[in-house]
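Asks: Per UniProt numbering, the very first residue in the sequence shown carries number 1; after that it's consecutive.
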Amino acid sequence: MSPGGRPALFVLVAIACFSTWKVDTWRYGKQLAKLNASHQADLTAISNAAAAQVRQALERQQATQKALAELDANATTEKAHALAENEKLRADVAAGDRRLRIAGRCSTDSGNLPYTTCGACLDDGRTVELAGTAGRAVFDIRAGIIKDRTALKGLQEYVLRVCQ
């Protein structure tokens, strides 16, 4: 090779290297742009899916809270009505407008008592009238039963309707 050909060869190799580098840069730039676009699309899809899940969770939570509020309102109303009825009955018994009677039964076999002392026993199907303090105790017990039944019914409804 001639001495003047070396710089030309060097320039030619330099141009070839530069051209190859530039073409690779363009090609890699396009690939990076595609990857960035794909990455952004994936991020957008993930973000949209997360937003949809959050929306659904919020809707479920609001529906649960609404159902719970309805259950609470119904249970409170039923309990208040039943307790008011109990208090009305208690007041009627205290005023003498009503009597508190309980069905009773007394067998002729009174255990160790002789038959003659069972004359005060009741026949089947008769009622026993309670004293005032016993009647109040019955109404207190009834009020407790009303509260317990209402609470139990409310909890059962909660489990059936809210905890699905």
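Quick reminder that beta carbons are idealized off the backbone N, C-alpha and C, glycines included.
Checking 7 Å against the spacing of the C-beta atoms, do residue 178 and Glu129 come in under that value?
Replies: Residue 178 is absent from the model: the chain starts at 1 and stops at 164.
Asks: Short check: CB of Ile146 to CB of Leu83, under 7 Å?
Replies: The answer is yes: Cβ separation under 7 Å.
Asks: By DSSP, does Ile102 sit in helix, in strand, or in coil?
Replies: Correct three-state label for Ile102: strand.
Asks: Distance, Cα to Cα, Cys158 vs Ile141?
Replies: Rather than Cys, the amino acid found at residue 158 in this sequence is Tyr. Computed Cα separation, rounded: 25 Å.
Asks: Is the beta carbon of Thr150 closer than 7 Å to that of Ala75?
Replies: Yes, Cβ-Cβ distance for Ala75 and Thr150 is below 7 Å.
Asks: Who are the near neighbours of Leu58 in its chain, counting only those whose CB is closer than 6 Å to its CB and skipping five residues on each side?
Replies: So no residue of the chain qualifies.
Asks: Tell me which residue opens and which closes the beta strand (DSSP E) that Val128 is part of.
Replies: Val128 -> beta strand (DSSP E) spans Thr127 to Glu129.
Asks: Less than 7 Å between the beta carbons of Arg161 and Ala67, yes or no?
Replies: Yes, these two residues count as a Cβ contact at 7 Å.
Asks: Count the other CB atoms within 10 Å of the CB of Gly135; is the residue buried (16 or more) or exposed (fewer)?
Replies: Buried, since its Cβ has 16 or more Cβ neighbours within 10 Å.
Asks: Just to check my reading of the structure: Thr127 and Ala103 have Cβ atoms closer than 8 Å, yes? What is that Cβ distance to the nearest angstrom?
Replies: Right, the Cβ-Cβ distance comes to about 6 Å (below 8 Å), so this counts as a contact.
Asks: Can you tell me which of Ala52, Asp148 and Lys30 puts its alpha carbon nearest to the alpha carbon of Glu78?
Replies: Closest by alpha carbon: Asp148.
Asks: Could you give the uninterrupted runs of the alpha helix (DSSP H) lying entirely in the segment 35-102, keeping only those of 4 residues or more?
Replies: Qualifying alpha helix (DSSP H) stretches: none in this window.
Asks: Return the CA-CA distance between Val23 and Val13, expressed in angstroms with no decimal places.
Replies: Using only the alpha carbons, I get a separation of about 15 Å.
Asks: Start and end of the alpha helix (DSSP H) containing Val159?
Replies: Here Val159 belongs to no alpha helix (DSSP H), and DSSP marks it neither H nor E.
Asks: State yes or no: is the C-beta of Asn86 within less than 7 Å of the C-beta of Ala137?
Replies: No, the pair does not count as a contact, with Cβ atoms beyond the cut-off.
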